[in-house]
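Chains as they are written, first to last, in the UniProt record's numbering: chain A, 1 to 374; chain B, 1 to 374; chain C, 1 to 374; chain D, 1 to 374.
4 protein chains.
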Amino acid sequence: MTGNTAPHQSHNTIPTPTVAPPDILRCAYMELVVTDLARSRDFYVNVLDLVVTEEDDHAVYLRSMEEFIHHNLVLRQGEQAAVAAFSYRVRSPEELDRAVEFYQELGCRVERRTEGFTKGIGYSVRVQDPLGFPYEFFYDVQHVDRLAWRYDLYTPGSLVRLDHFNQVTPDVPKAVKYMEDLGFRVTEDIQDEAGTTYAAWMRRKPTVHDTAMTGGDGPRMHHVAFATHEKHKILAICDKLGALRMSDRIERGPGRHGVSNAFYLDLRDPDGHRVEIYTQDYYTWDPDNPVVTWDVRDNQRRDWWGNPVVPSWYTEASTVLNLDGNPFPLVSRTDDSEMEVTIGADGSSYTRPEEGQDSMPEWKQGEYKLGHQL
Amino acid sequence: MTGNTAPHQSHNTIPTPTVAPPDILRCAYMELVVTDLARSRDFYVNVLDLVVTEEDDHAVYLRSMEEFIHHNLVLRQGEQAAVAAFSYRVRSPEELDRAVEFYQELGCRVERRTEGFTKGIGYSVRVQDPLGFPYEFFYDVQHVDRLAWRYDLYTPGSLVRLDHFNQVTPDVPKAVKYMEDLGFRVTEDIQDEAGTTYAAWMRRKPTVHDTAMTGGDGPRMHHVAFATHEKHKILAICDKLGALRMSDRIERGPGRHGVSNAFYLDLRDPDGHRVEIYTQDYYTWDPDNPVVTWDVRDNQRRDWWGNPVVPSWYTEASTVLNLDGNPFPLVSRTDDSEMEVTIGADGSSYTRPEEGQDSMPEWKQGEYKLGHQL
Amino acid sequence: MTGNTAPHQSHNTIPTPTVAPPDILRCAYMELVVTDLARSRDFYVNVLDLVVTEEDDHAVYLRSMEEFIHHNLVLRQGEQAAVAAFSYRVRSPEELDRAVEFYQELGCRVERRTEGFTKGIGYSVRVQDPLGFPYEFFYDVQHVDRLAWRYDLYTPGSLVRLDHFNQVTPDVPKAVKYMEDLGFRVTEDIQDEAGTTYAAWMRRKPTVHDTAMTGGDGPRMHHVAFATHEKHKILAICDKLGALRMSDRIERGPGRHGVSNAFYLDLRDPDGHRVEIYTQDYYTWDPDNPVVTWDVRDNQRRDWWGNPVVPSWYTEASTVLNLDGNPFPLVSRTDDSEMEVTIGADGSSYTRPEEGQDSMPEWKQGEYKLGHQL
Amino acid sequence: MTGNTAPHQSHNTIPTPTVAPPDILRCAYMELVVTDLARSRDFYVNVLDLVVTEEDDHAVYLRSMEEFIHHNLVLRQGEQAAVAAFSYRVRSPEELDRAVEFYQELGCRVERRTEGFTKGIGYSVRVQDPLGFPYEFFYDVQHVDRLAWRYDLYTPGSLVRLDHFNQVTPDVPKAVKYMEDLGFRVTEDIQDEAGTTYAAWMRRKPTVHDTAMTGGDGPRMHHVAFATHEKHKILAICDKLGALRMSDRIERGPGRHGVSNAFYLDLRDPDGHRVEIYTQDYYTWDPDNPVVTWDVRDNQRRDWWGNPVVPSWYTEASTVLNLDGNPFPLVSRTDDSEMEVTIGADGSSYTRPEEGQDSMPEWKQGEYKLGHQL
């Protein structure tokens, strides 16, 4: 299950630029377009307890408790729910020149803005990347109070850090190769015996990922994830959603991921944007950090406890915008679908590899075999 | 949602004996018949970490970490998986005479055994109760070490106390009335607007229940439940089951119950006997403790987070034995089925009462509406 | 260490009344006199997050999250910090007649008030008990919302239940004998080989205690204790006190008690009243529940981790009032002092009995042997 | 309290080499000399539950649950308790040449060993650094199973990662300047108004530290720290030590550090080597990560809850060996002592700066002012 190999390669490869990629520190923030700013603000501020750094009639800038930069999430009022930017922080202003060169060599559209694209951020570079995603890079940012010690402000479910993004793209090996060129490293992936790659997790900071590539029609945004300190904080968010009669915001979990070993909960915001709450993956910074490859038919890969993944989790994701603010057209996945091979009509999974499909929980056959029934 | 009323009464009532019932302290142990003693021992001892007080070729006597009586669970080798006894401890030996009189007046078969029916227990009374369940009462018991302070023996998922039984019976109001005559008090129940009662929770000790009556074909045993100290211990049991590639033992949860407010996990043992792990309900000892009545269509009644109940949880339960050790014949439920009214073809549930079925999580429609598909 | 014996008897015994004692359910609330109502309200409401049921210019009525009666704590403005009542709930109104008879036979002053002594409570009986404590008994009470399911209102350190009182009295065996006459049972105590009893824990509800008797000059109130759901909630209270720069409110802990096996934290309110936060003791309702007797020289009896008890914890306690509202005069303890025999100049303790004083942590000698230095 | 400045500079500076320092990934393991290998093995394996990778008559090689390299701790039998190596992993074998050049330019003794100094490690470089510490650098290492998913092996207090070292050295600014030359960055420090630096925390990996420099007679090893997943795991270690009647191994805590914001516990192993258990500090990888400077008189800097630091914690530390295996001679600290300025006869601390010494907890005056009494 463990090795040092990246996912199988695609036949449809993005060329490696001759210039070095920018030195990326970490995923830093996401810009979400929401259709009802007040309603979304209520969800992120009053339900999920993110901290408002700044707001106006058009946008709300939010951060987590341990963050010292201006924001980890921007909610911007718009007509159609979408993602306007996946933003990464780089090590220095000079790295932005590298970003420009890197993407220009790839033939991508590149926009530079000295004053930044959002409040609190300085000189920034936005690109439409080869997969169609709106990526942003910046270094200059307004510092704000790191609230780590402000235990008078913590709530039972406080979010402390932006942890990662998750992107939907049709050709995962193609995406991985491009991201490795951009300086990311694979930590875990899901494959099958025939060599199809279904998803891959990639990091810059020494956690399991800064972003993951999930196979599906894309480009789309699968989720944005925030970290908590302990597992009980994730349970507290569920309890609070129940008390607010908002339990229908819970799409999947809570549970333990197989991939990443983290404890998770997947929510849907008022526009359907998926937000993951996440805690306790592991250190990955050594160059020879063992890559973990999961068999797509291993029923514990997505949920270590074998609880079924709901179909919407596989099929629904957020539109991403191009640099003009219009939806980027989708490209369909042609490789096998993880949902179809595991829970579809011809799908199969196992709890114990040696027993195959017979080792699937009998009490959940209905849920796992939904494909038969839809 | 809160009042002081018991469930609606049945038309088919068991008469109230003229004698006082025995003064019952608490549910004390269950005797399970298992078909492969070694396999079941492995599950309860090596997976769930119950403590072996004593064992021989035919039976294993197990207790939880804070228990000081000989056992909370007996595994006895037999040909057919079943439940041989639901055993309660009474306040004194004299209470056993009251038990005899109480059940004799009800016309029930009563067996007295000076040396007890299981090791470690003294003079005991077993009855086939009016609902068909094999109930036992005892006072004399061998004391063993309470391991509460033995933190060198605790494991990440240690079970500290037997918490409750859960019984399946066709006519819940009938069962409740009889149990109230036996000295139990209702703490919570599930009803609908038409007056059907689907389940009721009843206590002697000051927790939410010592046993619950769940509507269905009966008599059958729905589950036996052990308590942990904190929620993370229940998550640790799930994690361990994953590591042992036994995640298919997880039938439902973990989650937060609406009823009882406790955090729970439902497992199936190697014979399919259901074992619940449970923590953090509330104090109920005041005579005017508010009874909580849940609407059967409230999607948060069984799981506060709105996660669906798998059909097997409603339909499967363990056979119970009569005093000769033979399976007790089933009586079918004629009242509405909770599964049918909530997830069946004509079923409906809500997250927010004012929005009705529209407030159900769209991403889980498939799971909730399985009735359409089976 | 475990047996079924009560503490050694005193030579100075309060006679057992010929009438039966009232059937007490549980400790229900304490009435505290505070010298600055606004300041105390801030501590209990904004720091400890108790819920205000009702308040006026003279008093604040507070309850915990799982309570359904009007209050668990009354803060009443007064000139001198003190305790006006230790209040217990009885099983029915009729039990109040028993209380009157019980205390009248003991020659105690008894006050009856149909409308109750505090808001929200009906007919009540207050007595000056034989030890000098102002005890109250009531049944009628205004019901309020049990907030158990209101997870939108929980905070990281929410208190869910009043757990127990702790009283200081000079002659512990005398106090225990009287409390046993009142229907309480001893669950644990601290003794020495010579037969001196230093403290005893006594229950009505099936936890380790509803009140404890701590040896010292009395009558005084040692502490009032509230329960949380899990240990991390107690740590969250510490963290919050740090963030508020109120860490000097922490007198002792957090830690694990030896006695009771509970996790604890002892705070001092703005008037110096001691408030304990407490979680996870064990079930004690069986009549033959093993009594645990601890050796006074066992260094883990008060703190299972061997952390030293600060001298103030032994020496400071709150004044109690007589039924006229005046301080009750103190009687000095003549038996040995727990502090002197353990940390005083001639004191000794052990971590491992077989090694005696040599098994005390070398790094804490200074703290343990403060008696040499004061 | 927050800025971007390093500690004040020393007048006694180690020159900055002209060559680049090795690219260090993280603290990787410590080699401890212990006087009774069986006794130390019992402490680390049976009490702290570290995993034995390999062992022989002379040494035991231990790792934590999430580690994939051969070991995080070596226990080696010897005549005098000491520390033989603080070992760091570098990014590639080539970095070892940089290490050699770096230290040779500093005039330090450098030892290269192709086969490594301990089992499981390949080509390694050991140096006697300018402060007198035996530092090791390596890249090649035997991979072993990362047990992160092996929840069947976890115990209530499982250690998952080596987190940091802590070193005692007389001149903290001198040490910091040298460590910055070696590529470390300061994240937090303790200073006073007069410009004395008492301690500094420095990182390579993006946590608060890989090592800290604590002012005192040195070179000595203050502690080695392992991380757990959650705070309850640290409490479980305390509980287990109590059950094993080894509570005297607890020197300080558990508590919340002010510096680092982590939850901690400090133990002493059978030879007196200090082992810290640690969880939940924060992400520090951004180049402009705010440095937190604490006032030495802030009573919450070392323990956020204001609990006193025992004198032994300031005064006792482990001997370190030179490359010949002999104790390195101590150099005395000439700057002010943190213990003296805070708890000594003329010391002072505050809970609230504006109130000064008056804001210290009255109930702990004895403990804080031990200096008066010793």
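Ideal placement from N, C-alpha and C gives every residue a C-beta, glycine not left out.
Name the two residues that bound the continuous beta strand (DSSP E) containing residue i.
{"i": "Arg204/D", "result": "No beta strand (DSSP E) holds Arg204/D; DSSP gives it neither H nor E."}
{"i": "Ser87/D", "result": "82-90"}
{"i": "Ser40/B", "result": "Looking at the DSSP string, Ser40/B is not in any beta strand (DSSP E); the run it does join, the alpha helix (DSSP H), is 37-41."}
{"i": "Ile190/B", "result": "185-191"}
{"i": "Met221/B", "result": "220-227"}
{"i": "Arg113/C", "result": "110-113"}
{"i": "Arg252/C", "result": "250-256"}
{"i": "Met117/B", "result": "The residue you asked about is not Met; residue 117/B is Phe in the sequence shown. Where Phe117/B is concerned, there is no enclosing beta strand (DSSP E), given that its DSSP letter is neither H nor E."}
{"i": "Leu182/D", "result": "Taken as a continuous stretch (DSSP letters only), Leu182/D belongs to no beta strand (DSSP E), as it is neither H nor E."}
Starting from the C-beta of residue i, find all residues in its chain whose C-beta is less than 7 Å away, skip the five residues before and the five after it, and write them out in chain order.
{"i": "Asp324/D", "result": "none"}
{"i": "Cys108/B", "result": "Val127, Gln128, Asp129, Pro130"}
{"i": "Thr18/D", "result": "Glu105"}
{"i": "Met360/D", "result": "Asn299, Ser349, Tyr350, Thr351, Tyr368"}
Is any beta-carbon of chain C found at less than 7 Å from that of residue i?
{"i": "Thr351/D", "result": "yes"}
{"i": "Ala148/B", "result": "yes"}
{"i": "Gly371/D", "result": "Summary for Gly371/D: the model assigns pLDDT 41, below 50, so the residue's position carries little reliability; its value from the coordinates is reported in the next sentence. No - not a single Cβ of chain C is within 7 Å of the one on Gly371/D."}
{"i": "Ser247/D", "result": "yes"}
Using a Cβ-Cβ cutoff of less than 8 Å, which residues in the same chain neighbour residue i once the five nearest sequence positions on both sides are dropped?
{"i": "Tyr314/A", "result": "Gly216, Ser337, Glu338, Met339"}
Give a yes or no on whether the minimum CB-CB distance between residue i and chain B is below 7 Å.
{"i": "Tyr44/D", "result": "no"}
{"i": "Lys205/C", "result": "yes"}
{"i": "Asn261/C", "result": "yes"}
{"i": "Glu338/A", "result": "no"}
{"i": "Glu251/A", "result": "yes"}
Taking 7 Å as the CB-CB limit, is residue i close to chain D?
{"i": "Lys240/B", "result": "yes"}
{"i": "His229/A", "result": "yes"}
Hey, could you find the ends of the alpha helix (DSSP H) residue i is sitting in?
{"i": "Asp239/B", "result": "231-243"}
{"i": "Thr342/A", "result": "338-343"}
{"i": "Met213/B", "result": "Looking at the DSSP string, Met213/B is not in any alpha helix (DSSP H); the run it does join, the beta strand (DSSP E), is 211-215."}
{"i": "Ser312/D", "result": "311-315"}
Within its chain, find whatever has a CB closer than 6 Å to the CB of residue i; leave out the 5 residues flanking it on each side and keep chain order.
{"i": "Val168/C", "result": "Thr214, Gly216, Gly218, Arg220, His222, Ala317"}
{"i": "Leu48/C", "result": "none"}
{"i": "Trp304/D", "result": "Arg256, Gly258"}
What in chain B is Cβ-close to residue i, meaning under 7 Å?
{"i": "Lys233/A", "result": "What Lys233/A touches in chain B: nothing, since even the nearest Cβ is about 11 Å away."}
Kindly list, in the order they appear in chain D, the residues whose Cβ is closer than 9 Å to that of residue i.
{"i": "Ala243/B", "result": "Trp149, Arg150, Tyr151, Asp152, Leu153, Tyr154"}
Could you tell me whether the Cβ of residue i comes closer than 7 Å to any Cβ of chain A?
{"i": "Ser359/C", "result": "no"}
{"i": "Trp363/B", "result": "yes"}
Starting from the beta carbon of residue i, find every residue of chain D whose beta carbon is closer than 8 Å, and list them in chain order.
{"i": "His143/A", "result": "Asp288, Pro290"}
Note down, in chain order, every chain C residue with its Cβ under 8 Å from the Cβ of residue i.
{"i": "residue 376/A", "result": "Outside the modelled stretch of chain A, which goes from 1 to 374, sits residue 376/A, for which no answer is possible."}
Give the residues of chain A in contact with residue i, contact being defined as C-beta atoms less than 9 Å apart.
{"i": "Arg256/B", "result": "Leu235, Cys238, Asp239, Gly242"}
TODO: Closer than 9 Å, Cβ to Cβ, to anything on chain C: give me those residues from the region 212-226 of chain D, in chain order.
DONE: none
Open item on the list: Closer than 8 Å between beta carbons: that is the criterion. Which residues of the region 266-291 of chain D meet it against chain B?
Closed with: none
Task: Near-chain A residues of the region 298-312 of chain B (beta-carbon distance less than 9 Å), N- to C-terminal order - done: Asn299, Gln300, Asp303, Trp304, Trp305, Gly306, Asn307, Pro308, Val310, Pro311, Ser312
- [ ] Scan the UniProt domain "VOC" (26-140) of chain D for residues whose Cβ lies nearer than 8 Å to a Cβ of chain A and list them as they occur along the chain.
- [x] From the UniProt domain "VOC" (26-140) of chain D, only Arg26, Glu66, Phe68, Ile69, Arg89, Arg91, Ser92 have a Cβ closer than 8 Å to chain A.
Task: Contact set between the region 4-23 of chain D and chain A, restricted to residues whose Cβ is under 7 Å from the partner - done: none
Task: Interfacial residues, the region 157-180 of chain C to chain A, with Cβ spacing under 7 Å - done: none
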